[in-house]
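Student: Before I ask anything, here is the structure I am working with.
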Amino acid sequence: MDELQLITERTASVPLAESGALASARERLMTEIAVAEAENVTPLRKRRRWVWTGVGAAGLAAAITAVVALAPVEQVGLEPPAAAADPVTVLRNAAAAALKTPGTPPKPDQFVYTRTKQPDGEREAWLSADGTRDGLIKMADGGSFPIAGCRNGRAQVYKGDEPLKGVTESCTPTPAYRTDLPTDADAMFAYLDSRHRGVRGGTNAMGKDILSLSNEAYLPPAVQAALFAAAAKAPGLRAIDRTQDAAGRPGVGITWPLGPHDDPKVAKPVVIVFAADTFQYLGTNSTAVTASGVVDAAGQRP
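End of the sequence shown = 437 in this note's numbering, gap-free, step of one.
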């Protein structure tokens, strides 16, 4: 077996970057070879250098594989192989990233703004931070409708986008700023598992609740971290090495089995997408969060 064939086999499963991205690694490799070939080196450098003499093709192949596969990805220039680990690792990394996200809590009278990219276009939402003020939804087709706030247990009733004078209904405030959720992964998992959607313990139902909270709610960092950490406890998760969200942004994906009543010929698995380098939540393969923030009035943009 010749050297090139051996090296090819040893590195076949290692993802390679463009040649320019490997320049620094190649330079280090050649420097070490040059040091190893030097005859008059000090005892200290002898102890630290790589010994190449007599190693042969197998040793050279292993060393090159090590430079490509084991060096830190930021040094070699490769795309971080996040999903190559497993879905639990991806979600735990996402939880750690969420915990470090800076954020200023919205005031009760402010609104949580979110713009999402969907198959039929863009949707914008302005949801009341404390749930007591009327919010607004703008659909991709240009239409819009109000989201009634709940004040003193009553909410205005609308017909289309027009309020019906003197007509209200009983309600419970639905705040967009969620301070009522657990900040512990186990407690969050128990909360999601007890939700009324779907069958108790159903991964598909739990996934829908996770997305609902991630897309248009404002979660404190500790709550967002607990949400992703809880998701890592769900059974049947699968990682996807390379995928993209609905806006076309590349990332690493997590998906789960379809529900028991879903037709696999019609239903498509939902894929949660995270940025492969930062593990920031991007959205899904059908809905991407492209902008978010806190504003003072419905209709205002950050």
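Note that CB positions come from ideal geometry on N, CA and C, so glycine has one too.
The model shown is predicted, which means the values in this text are computed figures rather than measured ones.
Is it right to say residue 244 is buried, meaning 16 or more other beta carbons lie within 10 angstroms of its own, or is it exposed?
Tutor: As a first step, residue 244 is located in the sequence shown; it is residue number 109 there, counting from the start. Looking at its Cβ environment, which holds fewer than 16 other Cβ atoms inside 10 Å, residue 244 is exposed.
Student: Counting beta carbon pairs with one atom in the region 220-229 and one in the region 250-260, are three or more of them shorter than 8 Å?
Tutor: Output reads no: the region 220-229 does not touch the region 250-260.
Student: Who are the near neighbours of residue 404 in its chain, counting only those whose CB is closer than 8 Å to its CB and skipping five residues on each side?
Tutor: The sequence position of residue 404 within the sequence shown is 269, counting from 1. So the list reads 390, 391, 392 and 393, once near-sequence residues are dropped.
Student: Please say whether residue 429 and residue 417 have beta carbons closer to each other than 8 Å?
Tutor: The residue given as residue 417 occupies position 282 in the sequence shown. The residue given as residue 429 occupies position 294 in the sequence shown. No, these two residues do not count as a Cβ contact at 8 Å.
Student: Could you spell out the range, first to last residue, of the alpha helix (DSSP H) harbouring residue 224?
Tutor: Counting from one through the sequence shown, the residue named residue 224 turns up at place 89. Taken as a continuous stretch (DSSP letters only), the alpha helix (DSSP H) holding residue 224 covers 222-234.
Student: Residue 348 to residue 302, Cα distance in whole Å?
Tutor: In the sequence shown, counting from the first residue as 1, residue 348 sits at position 213. In the sequence shown, counting from the first residue as 1, residue 302 sits at position 167. Approximately 30 Å between the Cα atoms of the pair.
Student: Rounded to the nearest angstrom, what separates residue 247 and residue 237 at their Cα positions?
Tutor: Here residue 247 refers to the residue found at position 112 when the sequence shown is read from its first residue. Here residue 237 refers to the residue found at position 102 when the sequence shown is read from its first residue. Near 16 Å, if we compare the C-alpha coordinates of residue 237 and residue 247.
Student: Beta carbon of residue 411: closer than 7 Å to some heavy atom of the ligand SAH?
Tutor: The model depicted lacks the ligand SAH and carries no ligand whatsoever.
Student: Are the CB atoms of residue 230 and residue 432 nearer to each other than 8 Å?
Tutor: One-based indexing of the sequence shown puts residue 230 at position 95. One-based indexing of the sequence shown puts residue 432 at position 297. Not a contact, by the Cβ cut-off of 8 Å.
Student: Looking only at its own chain, which residues have a Cβ that is under 6 Å from the Cβ of residue 178, when we skip the five neighbours before and after it?
Tutor: As a working note, residue 178 is residue 43 in the sequence shown. In this prediction, residue 178 scores a pLDDT of 38, lower than 50, which makes its location untrustworthy; the coordinate-derived value is nonetheless stated afterwards. Within the same chain, residue 178 has no close Cβ partners at all.
Student: Hey, would you say residue 338 sits closer than 8 Å to residue 388, going by beta carbons?
Tutor: Residue mapping note: residue 338 aligns to position 203 of the sequence shown, counting from 1. Residue mapping note: residue 388 aligns to position 253 of the sequence shown, counting from 1. Against a cut-off of 8 Å, the Cβ pair of residue 388 and residue 338 comes out as no contact.
Student: Beta strand (DSSP E) containing residue 269: first to last residue?
Tutor: Within the sequence shown, numbered from 1, the residue matching residue 269 stands at position 134. Unbroken run through residue 269: none, as it is neither H nor E.
Student: Label residue 295 either buried or exposed according to how many other C-beta atoms from any shown protein chain fall within 10 Å of its C-beta, with 16 as the threshold for buried.
Tutor: Working through the sequence shown from its first residue, we reach residue 295 at position 160. So residue 295 counts as exposed.
Student: Taking residue 368 as the reference, give the member of 356, 377 and 327 with the closest Cα.
Tutor: Taking the sequence shown and counting its residues from 1, one reaches residue 368 at position 233. Nearest of 356, 377 and 327 to residue 368, Cα basis: 327.
Student: Start and end of the alpha helix (DSSP H) containing residue 338?
Tutor: Here residue 338 refers to the residue found at position 203 of the sequence shown. First-last of the alpha helix (DSSP H) with residue 338: 338-351.
Student: Give me the Cα-Cα distance between residue 307 and residue 314, rounded to the nearest whole angstrom.
Tutor: As a first step, residue 307 is located in the sequence shown; it is residue number 172 there, counting from the start. As a first step, residue 314 is located in the sequence shown; it is residue number 179 there, counting from the start. Roughly 16 Å separates the two Cα atoms.
Student: Under the three-state reduction of DSSP, which class applies to residue 323: helix, strand or coil?
Tutor: On the sequence shown, position 188 is the one that residue 323 refers to. The answer is helix: DSSP assigns residue 323 an H, G or I state.
Student: Could you tell me if residue 297 is buried or exposed, where buried requires 16 or more neighbouring beta carbons within 10 angstroms of its beta carbon?
Tutor: Here residue 297 corresponds to residue number 162 of the sequence shown, with the count starting at 1. When all chains shown are included, residue 297 counts as exposed.
Student: Can you give the Cα-Cα distance for residue 319 and residue 378, rounded to whole angstroms?
Tutor: Here residue 319 refers to the residue found at position 184 when the sequence shown is read from its first residue. Here residue 378 refers to the residue found at position 243 when the sequence shown is read from its first residue. About 29 Å.
Student: Skipping 5 residues on each side, what residues in its chain have a beta carbon closer than 6 Å to that of residue 385?
Tutor: Counting from 1 along the sequence shown, the entry for residue 385 is found at position 250. If we look at residue 385 and ignore the five residues flanking it on each side, its Cβ neighbours are 379.
Student: Exposed or buried, which one is residue 436 when buried takes at least 16 other CB atoms within 10 Å?
Tutor: Numbered from its first residue, the sequence shown carries residue 436 at position 301. Flag for residue 436 reads exposed.
Student: Check this for me: beta carbons of residue 350 and residue 239, under 8 Å apart or not?
Tutor: Against the sequence shown, residue 350 aligns to sequence position 215. Against the sequence shown, residue 239 aligns to sequence position 104. No, Cβ-Cβ distance for residue 350 and residue 239 is not below 8 Å.
Student: From residue 284 to residue 260, what does the alpha carbon distance come to, in whole angstroms?
Tutor: For the purposes of this step, residue 284 is taken as the residue at position 149 of the sequence shown. For the purposes of this step, residue 260 is taken as the residue at position 125 of the sequence shown. Cα to Cα, residue 284 sits roughly 14 Å from residue 260.
Student: Report all residues from its chain with a CB closer than 8 Å to the CB of residue 438; omit the five preceding and five following residues, and keep chain order.
Tutor: Within the shown structure, residues of the chain are numbered from 136 to 437, placing residue 438 beyond reach of any answer.
Student: Less than 8 Å between the C-beta atoms of residue 310 and residue 293, yes or no?
Tutor: Within the sequence shown, residue 310 is the residue found at index 175, counting from 1. Within the sequence shown, residue 293 is the residue found at index 158, counting from 1. No, these two residues do not count as a Cβ contact at 8 Å.
Student: What does the alpha-carbon distance come out to for the pair residue 290 and residue 413?
Tutor: Along the sequence shown, one-based indexing puts residue 290 at 155. Along the sequence shown, one-based indexing puts residue 413 at 278. Near 41 Å, if we compare the C-alpha coordinates of residue 413 and residue 290.
Student: Ignore the nearest five residues each way along the sequence and tell me which others in residue 241's own chain have a CB closer than 7 Å to its CB.
Tutor: Position 106 of the sequence shown, counted from the first residue, corresponds to residue 241. Here the set comprises 247, 264, 312, 353 and 429.
Student: With 16 as the cutoff for other CB atoms within 10 Å, does residue 232 come out buried or exposed?
Tutor: The sequence position of residue 232 within the sequence shown is 97, counting from 1. Buried.
Student: Three-state secondary structure (DSSP) at residue 328?
Tutor: Counting from one through the sequence shown, the residue named residue 328 turns up at place 193. Helix, per DSSP.
Student: Only counting the same chain, and skipping five residues up and downstream in sequence, which positions put a Cβ closer than 7 Å to that of residue 305?
Tutor: Here residue 305 corresponds to residue number 170 of the sequence shown, with the count starting at 1. Here the set comprises 288 and 289.
Student: Nearest to residue 222 by CA position, among 383, 400, 366 and 419, is which residue?
Tutor: As a first step, residue 222 is located in the sequence shown; it is residue number 87 there, counting from the start. It is 366 whose Cα lies nearest to the Cα of residue 222.
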